[in-house]
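Student: Got a structure for you, written out below as C-alpha cells; questions coming shortly.
Residue numbers (this note's numbering): 8 to 345.
Here's what the structure looks like:
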C-alpha cells in the first residue's frame with residue numbers, strides 16, 4: 008500500500024524554495040536590512056539561504072523511503088533501479104536548464120566567461136569539487152552537484168549502518184537512541200569555517216539528519232517539539248545579529264530546526280484546490296530552483312518590498328511553467344516505461 012502523501016513535506020519544500028528565491032533576488036537588489044530593535048524585518052530574505060539546508064534534510068528523509076521500497080530486489084537490480092530513478096529525476100531538467108542558461112545567460116543576456124571543461128564538469132555533476140568550476144555558468148548549480156553526490160552515497164550509508172548494527176548487536180531501543188545521538192553530534196561538522204567552501208562536506212550532516220529523522224519515524228516524537236523547533240528556527244531568521252555562533256552554524260541550526268519542525272509538527276491536512284496548489288508548487292520546486300536566473304538580468308539594483316516580491320512571483324511562475332513543459336512530461340514518460 009502506498010504511503011499517504013505528506014503535505015508537511017510539500018510545505019517544507021515550498022518554504023525552502025521561496026526562501027532561496029527571495030534570498031537570491033534580495034541579494035541581487037542589494038537591499039538594506041530593515042532593523043527594528045533586536046529584530047530584522049528582512050530576515051526571511053536575508054536568511055532565505057537556509058532553504059538549501061531544509062532541502063537537504065528533506066531530501067535525506069525521502070531517500071530512506073525510496074531506497075527501502077526496493078528492499079526485496081537483488082542488490083544489483085536494487086542499485087540500478089535506485090540510481091537510474093535518481094538520475095532521470097535530476098538530470099534531464101538540469102541539462103535543459105544548463106542549455107537555456109548558456110544560450111540566454113542572465114547577466115544582461117550575455118554569457119559570463121566559462122570554458123568547455125566547465126560545461127563538462129556540470130554535465131558530470133562534479134563541479135562542486137573545485138572552486139574553479141563550482142561558480143561557473145551559474146553559482147547556484149552547486150546544489151545539484153552536491154545532491155547527486157549524496158544520492159550516490161545512500162546505498163553505502165545503508166550498508167555501513169546495517170553492518171554497524173550487526174557488529175554492535177544493538178537492540179531496537181538502542182538503535183533509536185544511537186540515531187538520536189547521531190543527529191545531535193552531526194551538527195558541529197557544519198559549523199567549521201574550513202568547510203564553508205566545501206558544500207559536499209558541510210551539507211552532508213544535514214542530509215544525514217534527514218535520513219536519521221526518517222529512521223525515527225516509528226518513534227512518537229511529541230508534536231509540541233515539532234512546533235517549537237519550527238518556531239525557534241523561524242525566530243532565528245528574524246533576530247538582528249548573533250554574537251555567539253558563526254554564520255554557518257547559525258544557518259545550519261535554523262535550517263535543520265525548521266525542517267525537523269515540519270516533519271515532527273502535527274500532520275497538516277487541507278482539501279480540494281488548496282491541496283492541489285500545494286502539491287503542484289512542491290512538485291515544481293526543483294524547476295523553480297533551476298530557473299532562478301530567469302529574471303536576473305531585469306532585477307533593478309534598487310527597489311522596494313513590492314518589487315522584490317513581484318520578481319519572486321515571476322520566478323516561481325517561470326519555474327512552474329518549466330515544470331509543466333519539461334519535468335512533468337518526462338516523469339510521466341519514465342513511469343510508463345517502468
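Ideal Cβ positions, reconstructed from N, Cα and C, are used throughout, including at glycine.
Cα separation between residue 132 and residue 159?
Tutor: Here the question's residue 132 lines up with position 125 in the chain shown. Here the question's residue 159 lines up with position 152 in the chain shown. Answer to the nearest angstrom: the Cα atoms are 11 Å apart.
Student: Taking only beta-carbon atoms, is residue 99 less than 8 Å away from chain C?
Tutor: The structure shown contains no chain C; it is built from a single protein chain.
Student: May I ask you to list the residues that DSSP assigns as paired with residue 46?
Tutor: The residue you call residue 46 lines up with position 39 of the chain shown. According to DSSP, residue 46 bridges with 43, 246.
Student: State yes or no: is the C-beta of residue 15 within less than 8 Å of the C-beta of residue 272?
Tutor: By one-based count along the chain shown, residue 15 stands at place 8. By one-based count along the chain shown, residue 272 stands at place 265. The answer is yes: Cβ separation under 8 Å.
Student: For residue 21, which residues from the same chain have a beta carbon less than 8 Å from its beta carbon, with the 5 sequence-adjacent residues on both sides left out?
Tutor: For the purposes of this step, residue 21 is identified with residue 14 of the chain shown, where counting begins at 1. Contacts found: 285, 288, 289, 292.
Student: Do residue 129 and residue 105 have their beta-carbon atoms positioned less than 8 Å apart in this structure?
Tutor: Along the chain shown, read from residue 1 onward, the residue named residue 105 stands at position 98. Along the chain shown, read from residue 1 onward, the residue named residue 129 stands at position 122. Yes; because the gap between Cβ atoms is below 8 Å, this pair is in contact.
Student: Inspect the beta-carbon positions of residue 222 and residue 243 and report whether they are closer than 8 Å.
Tutor: Here residue 222 refers to the residue found at position 215 when the chain shown is read from its first residue. Here residue 243 refers to the residue found at position 236 when the chain shown is read from its first residue. The answer is no: Cβ separation not under 8 Å.
Student: Helix, strand or coil for residue 322? Go by DSSP, reduced to three states.
Tutor: Locating residue 322 in the chain shown gives position 315, where the first residue counts as 1. In this structure, residue 322 counts as helix in the three-state DSSP scheme.
Student: If you reduce the DSSP assignment to three classes, tell me which class residue 230 lands in.
Tutor: Counted from its first residue, the chain shown places residue 230 at position 223. Residue 230 falls in the helix class under three-state DSSP.
Student: Cutting at 8 Å between CB atoms, please list the residues of its own chain near residue 228, excluding the five before and the five after it.
Tutor: Here the question's residue 228 lines up with position 221 in the chain shown. Excluding sequence neighbours, residue 228 sits near 271.
Student: For residue 75, count neighbouring Cβ atoms within 10 angstroms of its own Cβ and tell me buried if that reaches 16, exposed if not.
Tutor: Here residue 75 refers to the residue found at position 68 of the chain shown. The residue is exposed, with fewer than 16 neighbouring Cβ atoms inside 10 Å.
Student: I'd like the ranges of any alpha helix (DSSP H) spanning at least 4 consecutive residues and lying wholly in the segment 13-101.
Tutor: Here the runs fully enclosed are 14-36, 50-53, 57-75.
Student: So, at 7 Å on beta carbons, what are the nonlocal neighbours of residue 239 in its own chain, with the 5 sequence-adjacent residues on each side left out?
Tutor: What you label residue 239 is simply residue 232 of the chain shown in a count that begins at 1. Correct list, in chain order: 264.
Student: With three or more C-beta pairs closer than 8 Å as the rule, is the segment 61-73 touching the segment 147-166?
Tutor: With the cut-off at 8 Å, the segment 147-166 and the segment 61-73 touch.
Student: So for residue 132, helix, strand or coil by DSSP?
Tutor: To locate residue 132, count along the chain shown from 1; it is residue 125. Reduced to three states, the DSSP call for residue 132 is coil.
Student: Is residue 315 helix, strand or coil when you go by DSSP?
Tutor: Taking the first residue of the chain shown as 1, we reach residue 315 at position 308. Helix, per DSSP.
Student: Mind checking whether residue 426 and residue 150 have CB atoms under 8 Å apart?
Tutor: Because the chain in this structure spans residues 8 to 345, residue 426 falls outside the shown range and cannot be described.
Student: In the structure shown, what three-state DSSP assignment does residue 338 receive?
Tutor: In the chain shown, residue 338 corresponds to position 331, counting from 1. Reduced to three states, the DSSP call for residue 338 is helix.
Student: List the endpoints of the continuous alpha helix (DSSP H) containing residue 258.
Tutor: Stepping through the chain shown from its first residue, residue 258 is reached at position 251. 254-271 is the span of the alpha helix (DSSP H), which, as asked, contains residue 258.
Student: Determine the direct distance from the alpha carbon of residue 255 to that of residue 246, and round the result to whole angstroms.
Tutor: As a first step, residue 246 is located in the chain shown; it is residue number 239 there, counting from the start. As a first step, residue 255 is located in the chain shown; it is residue number 248 there, counting from the start. Approximately 15 Å, taken between the alpha carbons.
Student: My guess is that residue 27 and residue 58 are in contact by the Cβ rule of under 8 Å, so how many angstroms apart are they, rounded?
Tutor: Numbered from its first residue, the chain shown carries residue 27 at position 20. Numbered from its first residue, the chain shown carries residue 58 at position 51. With 8 Å as the limit, residue 27 and residue 58 qualify as a contact, their Cβ atoms being about 4 Å apart.
Student: What is the rounded straight-line gap between the Cα of residue 212 and the Cα of residue 218?
Tutor: Your numbering for residue 212 matches position 205 in the chain shown. Your numbering for residue 218 matches position 211 in the chain shown. Distance between the alpha carbons of residue 212 and residue 218: 10 Å.
Student: Which residues in the same chain have their Cβ closer than 7 Å to the Cβ of residue 167, if we skip the five residues on either side of it in sequence?
Tutor: Within the chain shown, the letter at position 160 stands for residue 167. Cβ neighbours of residue 167 beyond the five flanking positions: none.
Student: With distance defined between alpha-carbon atoms, name the residue in 19, 337, 12, 40 nearest to residue 309.
Tutor: Start at 1 with the first residue of the chain shown, and residue 309 comes out as number 302. Selected option, being the one with the closest Cα: 40.
Student: Please list, in chain order, all residues of the same chain as residue 3 whose beta carbon is under 6 Å from its beta carbon, the five residues on each side excluded.
Tutor: Outside the modelled stretch of the chain, which goes from 8 to 345, sits residue 3, for which no answer is possible.
Student: On the criterion of 16 or more Cβ atoms from any shown chain inside 10 Å, does residue 113 qualify as buried, or is it exposed?
Tutor: Start at 1 with the first residue of the chain shown, and residue 113 comes out as number 106. With a pLDDT of only 47 at residue 113, under 50, the local geometry of the prediction cannot be trusted, and the value read off the model is given with reservation. Under this definition residue 113 is a buried residue.
Student: Going by DSSP, what residue range makes up the alpha helix (DSSP H) through residue 218?
Tutor: In the chain shown, the residue the question calls residue 218 occupies position 211. It spans 211-222 - the alpha helix (DSSP H) in which residue 218 sits, taken as one unbroken run.
Student: Around the Cβ of residue 138, are there at least 16 other Cβ atoms within 10 angstroms (buried) or fewer (exposed)?
Tutor: As a first step, residue 138 is located in the chain shown; it is residue number 131 there, counting from the start. Exposed.
Student: Kindly indicate the opening and closing residues of the alpha helix (DSSP H) around residue 279.
Tutor: Taking the chain shown and counting its residues from 1, the one referred to as residue 279 is at position 272. Run containing residue 279: 279-290, per the alpha helix (DSSP H) assignment.
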